[in-house]
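2 protein chains.
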Amino acid sequence: MPEENNLIIAVDAMGGDHAPHEIVKGAHRAALELKNLKVILVGELSAIQAELNRFSKLPNLEVQTASDVIEMGEEAAWSVRSKSNSSIVVGTRLVKEGKVHAFLSAGNTGAVVSAALLTYGRIKGISRPAIAIVVPTPYKPVVILDVGATADCKPEHLVRFAQMGSLFAKKILNIENPTVGLLSIGEEKSKGNEITVAAHKLLTASQLNFFGNVEGNDIPKGKVDICVCDGFTGNVVLKLMEGLASTIFKQIRLTAEGSLISKIGALLLKPGLKKLIKQLDYEEYGGAQLLGVDGVCIISHGSSSSKAIKNAIKVAAKTIQENLIGEIKESLKSS
Amino acid sequence: MPEENNLIIAVDAMGGDHAPHEIVKGAHRAALELKNLKVILVGELSAIQAELNRFSKLPNLEVQTASDVIEMGEEAAWSVRSKSNSSIVVGTRLVKEGKVHAFLSAGNTGAVVSAALLTYGRIKGISRPAIAIVVPTPYKPVVILDVGATADCKPEHLVRFAQMGSLFAKKILNIENPTVGLLSIGEEKSKGNEITVAAHKLLTASQLNFFGNVEGNDIPKGKVDICVCDGFTGNVVLKLMEGLASTIFKQIRLTAEGSLISKIGALLLKPGLKKLIKQLDYEEYGGAQLLGVDGVCIISHGSSSSKAIKNAIKVAAKTIQENLIGEIKESLKSS
C-alpha cells in the first residue's frame with residue numbers, strides 16, 4: 001500500500017448542498033494540514049478555480065476537469081450511465097485507473113454507490129454493499145451499517161456487513177476485538193423479523209465478537225461497537241437520530257430565548273452545551289464508507305461543511321494506509 | 336355504545352415495572368377524577384388490597400381476582416395458553432364476556448397482544464394487528480403504527496394500518512382528515528424497500544389522505560399526522576426516540592452539574608426546559624392502542640407512572656365512547 005507522501009485522494013467538488021464552496025475550502029484545509037497528501041478536486045474547472053482563488057496556492061492541491069454534474073435528485077443508475085463525464089463518474093474512474101487511491105463525494109448518494117459498484121466492482125464474496133457510518137454518542141462512537149446501500153437484505157448479507165464493520169472498527173477506529181450487535185426488537189434471539197432471527201443464528205455461529213441483539217435505545221447508549229441492520233432500517237435510524245437531536249437543540253434555543261432570565265441561564269450554560277453538541281457532532285467523523293466495493297469510496301453528508309470534508313479526507317487517507325480493502329478481501333478468503 | 340356513566344374499564348394491576356403500586360395509584364386517580372367511570376383492578380387480591388389501603392375508598396373502584404401473573408420476560412403465546420388465570424388473560428376475558436368495555440395493561444406487551452388476539456379475535460378484513468402510539472413532537476402529536484405487533488408486513492397490511500391509524504387520529508386526537516405518511520428512505524415513490532414501494536402504490540390508489548413517503552427526520556418535525564411502517568421498523572424508531580431523548584437530557588443534566596456557573600445557568604433555564612420535557616412527554620398520551628382486534632385494548636409503557644396509567648384510562652374511555660372499533664369495522668366493509 002502507498003506511503004502517506006504518495007497518497008492521492010480525488011474529491012468531488014460539485015457534490016453537496018454547499019458545493020463547490022465548502023468542498024474546495026475543506027480540500028484546501030486538508031492539503032494545508034497534510035502536506036504529504038495530494039488532493040485532486042474533480043469538477044467544472046471555472047467553478048473550482050473561482051473558489052480556489054480565495055485561498056493560498058498549494059502544490060498538493062490540483063484540479064481534474066469533469067464537465068458534467070449529477071444533481072441531488074437524479075435517478076442513480078440512469079444518471080451514472082448517461083453522464084460519463086460527471087464528477088462522480090470521473091472520480092471513481094480515477095480510482096479504477098490507479099491514478100488516485102480514494103474517491104470522496106458529498107453528492108447524490110445513490111449515484112456514488114452506483115458509480116462505485118459499476119466502476120470499482122464488488123469484492124469477491126460480497127453480493128451487496130453497505131454504507132458504514134460512525135455515529136457519535138456521549139459514551140463511544142458506534143458504527144452503524146448498512147445505512148442505505150442495500151434496502152432489502154438477506155440474513156447472509158447482514159453477516160458480511162458484520163465482518164466488514166468489524167474490520168472497519170478495528171482499522172479505522174482502532175478498536176481491538178470490537179463487539180457486534182444485531183439491531184432488533186428484543187434481546188432474545190427469537191425476537192425480531194424473519195431476517196434478523198435467521199441472521200442471529202448465523203452470527204452466533206461466526207468467528208465474530210457477537211454481542212447478540214440490540215434495540216433502538218441501545219444505540220445512543222453506545223452498547224456495542226458495531227450495529228448491524230438492513231439498509232432500510234439503518235437509513236431510518238440515521239435520519240431519525242439527526243432529526244431528533246436537531247429538533248431538541250432547536251427547542252432548547254427557543255426556550256432560551258423565551259425570557260430574560262432564561263437568556264441569562266442559557267448564556268451561563270453555553271460552554272457546557274457547546275461541548276455536548278461537539279460530542280454528538282457527526283462532522284468529527286467526516287464521512288461514511290461504502291464497504292464491499294473494490295476500492296476506497298467515502299460518502300460525506302450532503303450538508304457537509306469544510307470541516308466535515310477535511311475530516312473525511314483524513315478518514316480516506318487512513319483507510320488507504322490501513323489497507324482496509326485488502327484486509328476485507330483477505331478475511332473473505334478465510335471465512 | 337355505552338354512556339360515560341356506564342363505562343367499565345379493566346386494568347391489569349400486576350403488569351409493569353412499578354406494579355402494583357403505580358397502577359393502583361393511577362386507577363385510583365382516574366376513578367376519583369371520572370366519577371361516572373368504573374375501574375376494575377385485575378390481579379392478586381392481597382397485593383392490590385395492600386395498595387388500596389393507602390388511598391380513600393371509592394365506590395367506582397373494584398377488584399377482580401386473578402391468581403396468576405405473566406412476567407415481563409415470558410414467551411408470549413406460551414404464557415397466555417398456560418396461564419389462563421393470569422391478570423392479562425382474565426382481563427381480556429372480561430371484555431369478551433361483555434363485563435367490561437376495555438382492558439388496559441402495562442405488562443408483557445407480547446402476552447397482551449397474544450391474549451387479545453386469542454380472546455377478542457381479529458376484526459373481519461384485518462389479518463395482522465398493529466400497535467398505534469402517539470409520539471409527542473414540539474409541533475403536533477404523530478401517530479406511529481405499527482410499533483411492534485407485526486414485525487413482518489406485506490404491503491396490504493400497511494394499507495390496513497393506514498386506514499386504522501386514520502380513524503384513530505380522527506376519533507381519539509380529533510384531527511379532521513389526517514395526513515398519512517409512509518415511512519421510507521427517500522421522498523420519491525421509487526425509494527424504499529420492496530414492501531414500501533408496493534405499499535406506496537396501494538396507498539396512492541386508496542381513499543386515504545396520503546401524503547407520500549416520509550423519512551426518519553420527518554417524525555420529530557411532525558410532518559404528517561400518521562406515520563405507517565412495519566412493526567420492526569416502528570419498534571426500532573420508538574425505542575430510539577425514547578433512548579436518544581433521554582440520553583440528551585441526561586447529558587444536559589451532567590453538563591449543568593459541571594461547574595457553579597453552569598449550575599446557576601441551568602437553574603435559570605429550568606422552567607423552560609421543564610416545559611420542553613413536558614412537551615415531549617409520552618406519558619401525556621398514556622398508552623398505545625392495539626388496533627385490528629375486536630375490542631378495546633390499551634398497552635401502556637412498562638415503566639408507566641400513575642400519571643401515565645390515569646391518562647391511559649382516559650384514552651380507553653374515549654376509545655369506547657367514540658366507538659373506534661365499530662368505526663374500523665364499518666370502514667372495512669366499505670373498502
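Just so you know, the protein sequences line up as chains G and F, in that order.
Numbering of the first sequence is given in the working numbering, commencing with residue 1 and proceeding in unit increments.
Numbering of the second sequence is given in the working numbering, commencing with residue 336 and proceeding in unit increments.
We put the CB at the ideal spot given by N, CA and C, even for glycine.
By Cβ distance, which residues of its chain are closer than 8 Å to residue i, with the 5 residues on each side in sequence left out?
i              : result
G186 (chain G) : G192, N213 and E215
R93 (chain G)  : T119
Beta carbon of residue i, beta carbon of residue j: below 9 Å?
i              : j              : result
L182 (chain G) : G234 (chain G) : no
A106 (chain G) : A245 (chain G) : no
A256 (chain G) : G621 (chain F) : no
P464 (chain F) : G578 (chain F) : no
L367 (chain F) : I655 (chain F) : no
I219 (chain G) : V135 (chain G) : yes
V197 (chain G) : F211 (chain G) : no
C564 (chain F) : L625 (chain F) : no
V346 (chain F) : G426 (chain F) : yes
V100 (chain G) : A66 (chain G)  : no
Whole angstroms are fine: how far does the CA of residue j sit from the CA of residue i?
i              : j              : result
W78 (chain G)  : A111 (chain G) : 9 Å
L538 (chain F) : E523 (chain F) : 14 Å
I596 (chain F) : A116 (chain G) : 51 Å
A76 (chain G)  : T109 (chain G) : 8 Å
I133 (chain G) : N552 (chain F) : 17 Å
E397 (chain F) : I423 (chain F) : 17 Å
K392 (chain F) : K360 (chain F) : 12 Å
A540 (chain F) : I461 (chain F) : 19 Å
A30 (chain G)  : E327 (chain G) : 26 Å
A385 (chain F) : K370 (chain F) : 23 Å
N395 (chain F) : A362 (chain F) : 10 Å
L276 (chain G) : K610 (chain F) : 21 Å
A651 (chain F) : A382 (chain F) : 24 Å
T582 (chain F) : A288 (chain G) : 23 Å
K96 (chain G)  : E44 (chain G)  : 21 Å
S304 (chain G) : E22 (chain G)  : 8 Å
K314 (chain G) : S594 (chain F) : 35 Å
I175 (chain G) : E409 (chain F) : 36 Å
F503 (chain F) : K574 (chain F) : 22 Å
K38 (chain G)  : G637 (chain F) : 56 Å
Leaving out five residues on either side along the sequence, give the residues of the same chain with a beta carbon under 7 Å from the beta carbon of residue i.
i              : result
K318 (chain G) : I172
L543 (chain F) : A497, Q498, S501 and V515
P155 (chain G) : I195, A198, A199 and L202
K140 (chain G) : G222
A601 (chain F) : A591
DSSP three-state label for residue i, please.
i              : result
N53 (chain G)  : coil
L615 (chain F) : coil
L254 (chain G) : helix
A27 (chain G)  : helix
G280 (chain F) : No answer is possible for residue 280 (chain F): the residues shown for chain F start at 336 and end at 670.
D403 (chain F) : strand
V112 (chain G) : helix
E397 (chain F) : strand
S597 (chain F) : helix
R128 (chain G) : coil
I423 (chain F) : helix
S105 (chain G) : strand
V343 (chain F) : The displayed chain sequence assigns Ile, not Val, to residue 343 (chain F). I343 (chain F): strand per DSSP, three-state reduction.
A301 (chain F) : Residue 301 (chain F) falls outside the range modelled here, since chain F spans only 336 to 670, and no answer is possible.
L145 (chain G) : strand
A623 (chain F) : strand
G344 (chain G) : One cannot answer for residue 344 (chain G) here, as it falls past the ends of chain G, which runs 1 to 335.
V224 (chain G) : coil
G607 (chain F) : helix
By Cβ distance, which residues of its chain are closer than 6 Å to residue i, with the 5 residues on each side in sequence left out?
i              : result
G566 (chain F) : D481, G483, A484, T485 and A486
I405 (chain F) : S414, K418, S421, I423, N443 and A446
G350 (chain F) : S440, A441 and G442
D68 (chain G)  : K83, N85 and S86
L659 (chain F) : K506
P473 (chain F) : Q614
M72 (chain G)  : N108
A312 (chain G) : L104, G286, G287, I298 and S300
K329 (chain G) : I123
D294 (chain G) : Y120, G121 and I123
Assuming residue i and residue j are in contact, meaning their beta carbons sit under 8 Å apart, how far apart are those beta carbons, in whole angstroms?
i              : j              : result
I131 (chain G) : V237 (chain G) : Not really, about 12 Å apart at Cβ, beyond 8 Å.
L667 (chain F) : K536 (chain F) : L667 (chain F) to K536 (chain F), Cβ: 20 Å. No contact.
A437 (chain F) : I375 (chain F) : Not confirmed; about 10 Å, so no contact.
When the cut-off is 9 Å and only beta carbons count, does residue i lie next to chain C?
i              : result
N552 (chain F) : Reference to chain C is not applicable here, since the protein chains of this structure are G and F.
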